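Novice: Dropping the structure in here first, questions after.
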Amino acid sequence: MSATQPGQQQHLEDRLFHHFRGWAWSERARDTSSWLWDFGYDIQRHGLRKWACKDCILGHRPIIASFTSSGLQNAANHLWREHKTPAPEGEKKSTAQLKSECVLKSNQPTIASVLKLDVNKPTEQNIANSFISRFDKQHFQRMLVELIVSSNQSFSFAENPILREIFGYLNPSVSIQHANLSATAVRYKIIQEYNRHKQKVIEVLRDSPGALHISFDGWTSRNKLALYGIACFFRDEKNRPCKIMIGVPEAHRHFGSTIGGEVLDVLHTLGVSPEKIGYFTLDNAANNDTAMEVIGAELGFDGRLRRGRCFGHTINLSAKALLFGKNADAFEQQLSGAEALSDTEYARWRKRGPVGKLHNIVVDVRISHRLIYLFKEVQRDEINRATTLKLRSKKPLKLIIDNDTRWLSQLYMIRRALRLKTSIELLLIKYKAQWEDENRSKKTGQVTQAKLAKKPRILRDENQLTDKDWEVLYHLEAILTVFETVVKTLEGDGHIRRRKQGWTGSYGNIWDVVLGYELLLNTLEEYKQLAADFPDAEHFRIGINLAWDKLDEYYRRLDETPIYYTAMALHPAYRWDWFDETWAHKPSWVEKAKEMVADVWLSDYAHLEVRTSSSRGDDEPPAKRPRFFNPFEKNSRLPSSIPPYAAAIVVDEYQAWQTDREASDGNVRDPIGYWITKQGRYPRLSRMALDFLTIQPMSAECERLFSAAGKMVSGLRTNLDAEIIAICQVLRSWYRAGLIKDLDPLLKSHLESKLDGGCGTLSDDELALAESKWLLEGEDSASEVDDSTQQQQAEESVSTSESQTTNRGQEIAGWVSENDLSLLNTLDIPTNPYGNTIDLAFTNLPLAEAIVEDHLATSSDHFTLSLTFPDVRSTPVQPGKIRVTTEDELKRFVEIVELGATGIPLTDSSPEELDELASSLVGLLTSAAKASGRPARKGGRPAPWWTEECADAAAAFRAIRRSYLLGFNQDVQIAKRGFHRVVRRAKRRYWRNLIDGFSSSSDVFKAVRWLKSPGAFQPPPLQVDNVVIPT
1 MSATQPGQQQ
11 HLEDRLFHHF
21 RGWAWSERAR
31 DTSSWLWDFG
41 YDIQRHGLRK
51 WACKDCILGH
61 RPIIASFTSS
71 GLQNAANHLW
81 REHKTPAPEG
91 EKKSTAQLKS
101 ECVLKSNQPT
111 IASVLKLDVN
121 KPTEQNIANS
131 FISRFDKQHF
141 QRMLVELIVS
151 SNQSFSFAEN
161 PILREIFGYL
171 NPSVSIQHAN
181 LSATAVRYKI
191 IQEYNRHKQK
201 VIEVLRDSPG
211 ALHISFDGWT
221 SRNKLALYGI
231 ACFFRDEKNR
241 PCKIMIGVPE
251 AHRHFGSTIG
261 GEVLDVLHTL
271 GVSPEKIGYF
281 TLDNAANNDT
291 AMEVIGAELG
301 FDGRLRRGRC
311 FGHTINLSAK
321 ALLFGKNADA
331 FEQQLSGAEA
341 LSDTEYARWR
351 KRGPVGKLHN
361 IVVDVRISHR
371 LIYLFKEVQR
381 DEINRATTLK
391 LRSKKPLKLI
401 IDNDTRWLSQ
411 LYMIRRALRL
421 KTSIELLLIK
431 YKAQWEDENR
441 SKKTGQVTQA
451 KLAKKPRILR
461 DENQLTDKDW
471 EVLYHLEAIL
481 TVFETVVKTL
491 EGDGHIRRRK
501 QGWTGSYGNI
511 WDVVLGYELL
521 LNTLEEYKQL
531 AADFPDAEHF
541 RIGINLAWDK
551 LDEYYRRLDE
561 TPIYYTAMAL
571 HPAYRWDWFD
581 ETWAHKPSWV
591 EKAKEMVADV
601 WLSDYAHLEV
611 RTSSSRGDDE
621 PPAKRPRFFN
631 PFEKNSRLPS
641 SIPPYAAAIV
651 VDEYQAWQTD
661 REASDGNVRD
671 PIGYWITKQG
681 RYPRLSRMAL
691 DFLTIQPMSA
701 ECERLFSAAG
711 KMVSGLRTNL
721 DAEIIAICQV
731 LRSWYRAGLI
741 KDLDPLLKSH
751 LESKLDGGCG
761 TLSDDELALA
771 ESKWLLEGED
781 SASEVDDSTQ
791 QQQAEESVST
801 SESQTTNRGQ
811 EIAGWVSEND
821 LSLLNTLDIP
831 TNPYGNTIDL
841 AFTNLPLAEA
851 IVEDHLATSS
861 DHFTLSLTFP
871 DVRSTPVQPG
881 KIRVTTEDEL
891 KRFVEIVELG
901 ATGIPLTDSS
911 PEELDELASS
921 LVGLLTSAAK
931 ASGRPARKGG
941 RPAPWWTEEC
951 ADAAAAFRAI
961 RRSYLLGFNQ
971 DVQIAKRGFH
981 RVVRRAKRRY
991 WRNLIDGFSS
1001 SSDVFKAVRW
1011 LKSPGAFQPP
1021 PLQVDNVVIP
1031 T
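Residue 217 in UniProt numbering sits at position 217 of the sequence shown; the count goes up by one each step and never skips.
Now the structure itself:
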């Protein structure tokens, strides 16, 4: 609206009050912030305020639009409809403006219009088609999801307006084809995939030929969710070891009973029967004892016998005892975790010996900019003095700071410090000289006692590393390297893969646990003798003794479960010979181990009914891999003396195998493959061996899960709930295991597209890359059947899978034709966004039609199938008027008449034929009018409280809802609440006015009788050849 001059303003006000005689300027108590008052006059009469349109007065209209101050939404609609005045930016838009914008949105530009191509010209038509065909909507959405997942962005990143503008700028097809995803769509897809594939996992676990082994551990996410990862280890139908995550429940309390209950719930959800449950690998936490008691009591076994201890946690306890001596856990709890150390923490670390002193030095260097640059300068001087080009090309290194008392980080800190020993010593010398020069007295040239009292901690004598300290660090590094080797050898998953060193083998095997204990204990015993000759190395000697004691404690507890002895005894390269030779000084140990294994054999396997199957013949020798690649493998050689092969007739498989020796048994590196070849000869014993050899020695799989989940729950995604974290990680695991292979393209990464069958052939680098991906996969999709009816005639909607590409829907179409029905839509147009489902509609009504409304938003992943049925019922009463007035209605009327005209008789030679022709024409025109038009409204509205304001609010809600893919969004919810608010206000106003006018009880009855329910709608049955089929 343009500005007006004072004279003109007075003229407009005169016209205003000429139209509104008896009205005056409003005397409102306070100003209103609505933008609409800038475009209207505020007048009142008898306490009633009105808004009068300024543009109507300025335009000299004969009728001036005015609205009450409580209905300003109508004023906004008027401004848009009559004057095209939009709401200012940031203000609420009127329903009329929203509807108009929705229409504009539906008339989106095409590639041809954007590129200014004339599709009537063949050359430009080919160009347009080429642009359209090159854009793959599903591929774009897949890359968008992969971007969000790989970069750990929040789901709402897909709704970033700037990002969408970039997509639209690069390719207009993104917006034209509605390829952008909402955060809700991403989340919905994840949950949908999980529900679709869970049954496949249930079947795989049920059909596994052996026991299902479980491992679980707890973790607290960045957003403070207490999650428990539950991993399952089993063999597939080909006896290949498999691993999957079966659940990541949230445990609100860390009680053993709570944890056990969550594990049982997950097992129950996946339909795992108690007899399928094998053994559990857990850490040493006390609440796991209680959890196993709960699980064992529920599933019918002794939880103590089924519980194996994570070897990695035992090694962690021993390594911490080696480094920090007694009460290592208490020492860890006393640390604040702050970057800088307090004097008290500094003293605590120093009392822990050479490792503590080194920790203090590293911390002081890393928190001081001066020391960091001075340390680099010292290293550069050394590099510049180097005599070879290779040494001079090196760059300065940083000191590695340990992670409090995590022993591997201590090892890396010690290893780097030993490498930079000379530079560290030169740094301290140079820093001491600089500090003394800066603090010398100008009179005496000496550092005063007052200054010495403030000497930096790193320069004080008690904090210096002596030559003996460096020697202790050297030996600690050697011991911890053996610990590191054992951990890395046993933290695998037991799967055979191609390794970096060029060989094929497996890490993380249960039979290596006993060998790992022996190697570590022997190593510590050697250093016990070495430490005895160390002068003033009491802390070192105590640490070695404590580390040995901790290992020996848990080594003696291996007989709490038959897991470890059975795995070693059934390994063809070790058998009982290893025990007889290694434990020759402990015959009671050997006897107890043999009793435990024999008990398991006799109670669980000797009389087992088994179905034998073998993928290789008994005579095919297992692969031989005699090379060794680290000290642990070298130590794992079997004893040199192996009894010769002896064939003896004994009573059962277990005893028979003890004497069944082959010359190649000593070279077996893959006992699982060995026992697969022996299934024909030893069906029960092979079942027992395969069950025990696939138990995990460590709960490392749970740690891998937490690492991946930690990347998912980044600082930008702290609103992720436990359910979505669990589903993402579980689906990722199912895909990597190869259990589900028809992953929706939307959720499949490029790496997965290449693999598409598990990770068995991945290199270590490829596997590491796959570990950091969020992978989702699904089972073969099944056909879906939807039944629906319309009015009084039969109609069916049936979905078929895209996997039947060559014959999609042909059987249904044949049945439709055989029963004289009409198929309303074609067989080759998919009816869901992914192109893998077709909904077919058929009927016995003439002139019926089905249209795939892919632009309408619903909560289903199917497009809306709109069905149009002409009204062919007899009309005993005079029908009401039908209005066919709009352009769309007229177009639809003409189309229906043209389609139905083919069924009208063409002969009119007799009066009867003429009557039939007239009746057909009347029926066709009536049906077409009813199908395309709308009945004229008679009397009042269906609801007496319904107002124009309600209609505008409803239209606004529908307009916003249709603009979103899934039909629900924050904007949709806001519009829905606004619509409900308008309806409630209209109802209150209606009933208030109605009640005020009641004068008798009959008035009450008249007012509420329209509320009577018409009753439930019952769809008609489907009738085929006089056979009634209920629907």
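Even for Gly, the Cβ is constructed at its ideal location relative to N, Cα and C.
Computed from a predicted structure; not experimentally measured.
Just to confirm, is the Cβ distance from residue 1032 to VAL201 under 8 Å?
Specialist: Outside the displayed range of the chain (1 to 1031) lies residue 1032, so it cannot be described from this structure.
Novice: Whole-angstrom Cβ separation of residue 1040 and LEU520, contact assumed at under 8 Å?
Specialist: There is no way to answer for residue 1040, as the model of the chain reaches only from 1 to 1031.
Novice: Between which two residues does the alpha helix (DSSP H) harbouring SER173 extend?
Specialist: Residues 173-176.
Novice: Can you list, in chain order, the residues of its chain with a C-beta nearer than 6 Å to that of PHE131? Leave out the 5 residues immediately preceding and following it.
Specialist: The answer, listed in chain order, is ILE111.
Novice: Using the beta-carbon count (16 or more within 10 Å), is residue 1032 buried or exposed?
Specialist: Lying before the first or after the last residue shown, residue 1032 is absent from the chain, which here runs from 1 to 1031.
Novice: Going along the chain, which residues of its own chain have a beta-carbon closer than 6 Å to the beta-carbon of GLU13, five neighbours each way excluded?
Specialist: Closer than 6 Å at the Cβ level, and outside the excluded window around GLU13, lies no residue.
Novice: Going by C-alpha distance, which of CYS242, THR489, ILE429 is nearest ARG460?
Specialist: For ARG460, the nearest C-alpha among the options comes from ILE429.
Novice: Alpha carbons only, please: which of ILE315, ASP469, GLY543, ALA850 is nearest the one belonging to SER699?
Specialist: Of the listed residues, the one whose Cα sits closest to SER699 is ILE315.
Novice: Would you tell me roughly how many angstroms separate the C-alpha atoms of GLY939 and LEU36, rounded to the nearest one?
Specialist: The predicted model places GLY939 with a pLDDT of 49, which falls under 50 and marks its position as unreliable, so this point remains unresolved.
Novice: Report the partner residues of VAL852 according to the DSSP bridge assignment.
Specialist: Answer is LEU865.
Novice: What did DSSP end up calling LEU840 once you bin it into helix, strand or coil?
Specialist: In this structure, LEU840 counts as strand in the three-state DSSP scheme.
Novice: Can you tell me whether ILE63 is buried or exposed? The criterion is at least 16 other CB atoms within 10 Å of its CB, across all chains shown.
Specialist: The residue is exposed, with fewer than 16 neighbouring Cβ atoms inside 10 Å.
Novice: To the nearest angstrom, how far is the alpha carbon of PHE301 from that of ALA813?
Specialist: Roughly 56 Å between the two C-alpha positions.
Novice: Might you give, ordered along the chain, the residues of its own chain that have their beta carbon closer than 7 Å to the beta carbon of residue 1032, omitting 5 neighbours on each side?
Specialist: Absent from the model: residue 1032. The displayed extent of the chain is 1 to 1031, so no value can be given.
Novice: Between the Cα of GLN177 and those of PHE167, LYS137, ARG187, spot the shortest distance and give me the residue it belongs to.
Specialist: Comparing Cα-Cα distances from GLN177 to each of PHE167, LYS137, ARG187, the minimum goes to LYS137.
Novice: What did DSSP end up calling TRP576 once you bin it into helix, strand or coil?
Specialist: Note: TRP576 maps to coil in three-state DSSP.
Novice: I believe ILE214 touches PHE255 by the beta-carbon criterion, under 8 Å. Please report the beta-carbon distance rounded to the nearest angstrom.
Specialist: Not really, about 19 Å apart at Cβ, beyond 8 Å.
Novice: The beta strand (DSSP E) spanning LYS224 covers which residue range?
Specialist: Where LYS224 is concerned, there is no enclosing beta strand (DSSP E), given that its DSSP letter is neither H nor E.
Novice: What residues are listed by DSSP as bridge partners for ARG309?
Specialist: Answer by DSSP bridge pairing, in chain order: LEU282.
Novice: When the cut-off is 8 Å and only beta carbons count, does ALA700 lie next to chain C?
Specialist: Of the protein chains in this structure there is only one, and it is not chain C.
Novice: Between GLY247 and VAL730, is the Cβ-Cβ spacing less than 8 Å?
Specialist: Yes; because the gap between Cβ atoms is below 8 Å, this pair is in contact.
Novice: Tell me whether the stretch 400-409 and the stretch 353-371 touch, counting them as touching only if at least three CB pairs, one residue from each stretch, are closer than 8 Å.
Specialist: At 8 Å Cβ cutoff, the stretches touch.
Novice: CA-CA distance, LEU685 and PRO587?
Specialist: Computed Cα separation, rounded: 25 Å.
Novice: Taking contact to mean 3 or more Cβ pairs, one atom from each stretch, closer than 8 Å, check whether the stretch 564-580 and the stretch 538-549 are in contact.
Specialist: Contact between the stretch 564-580 and the stretch 538-549 is absent, because fewer than three Cβ pairs lie under 8 Å.
Novice: What's the call for LYS351, buried or exposed, on a 16-neighbour Cβ count within 10 Å?
Specialist: Classification for LYS351: exposed.
Novice: Any idea what DSSP makes of residue 1041, helix, strand or coil?
Specialist: In this structure the chain extends from 1 to 1031, so residue 1041 is not present and cannot be described.
Novice: Taking LYS394 and ILE383 to be in contact with their CB atoms under 8 Å, please state how far apart those CB atoms are, rounded to whole angstroms.
Specialist: Going by Cβ atoms, the distance from LYS394 to ILE383 rounds to 6 Å, so yes, they are a contact pair.
Novice: Smallest Cα separation from LEU551: which of ILE277, VAL119, ALA986, CYS310?
Specialist: It is CYS310.
Novice: Judging by CA-CA distance, which residue of VAL294, ARG883, ARG416 is the nearest neighbour of GLU262?
Specialist: Of VAL294, ARG883, ARG416, the residue nearest in Cα terms is VAL294.
Novice: What's the C-alpha gap between TRP51 and LEU58?
Specialist: Each residue's alpha carbon lies about 15 Å from the other.
Novice: Once DSSP output is grouped into helix, strand and coil, what is the label at SER919?
Specialist: The answer is helix: DSSP assigns SER919 an H, G or I state.
Novice: So what does TRP51 bridge to, in DSSP terms?
Specialist: The partner list for TRP51 (beta bridge, DSSP) reads ASP42, PHE67.
Novice: Helix, strand or coil for GLU13 per DSSP?
Specialist: Correct three-state label for GLU13: helix.
Novice: Can you tell me whether DSSP reads LYS243 as helix, strand or coil?
Specialist: Three-state DSSP puts LYS243 in a strand.
Novice: Taking the C-alpha atoms as reference points, what is the distance between TRP945 and SER100?
Specialist: C-alpha separation (whole angstroms): 26 Å.
Novice: If we call anything under 8 Å between Cβ atoms a contact, is PRO88 one with TRP80?
Specialist: Not closer than 8 Å, so no.
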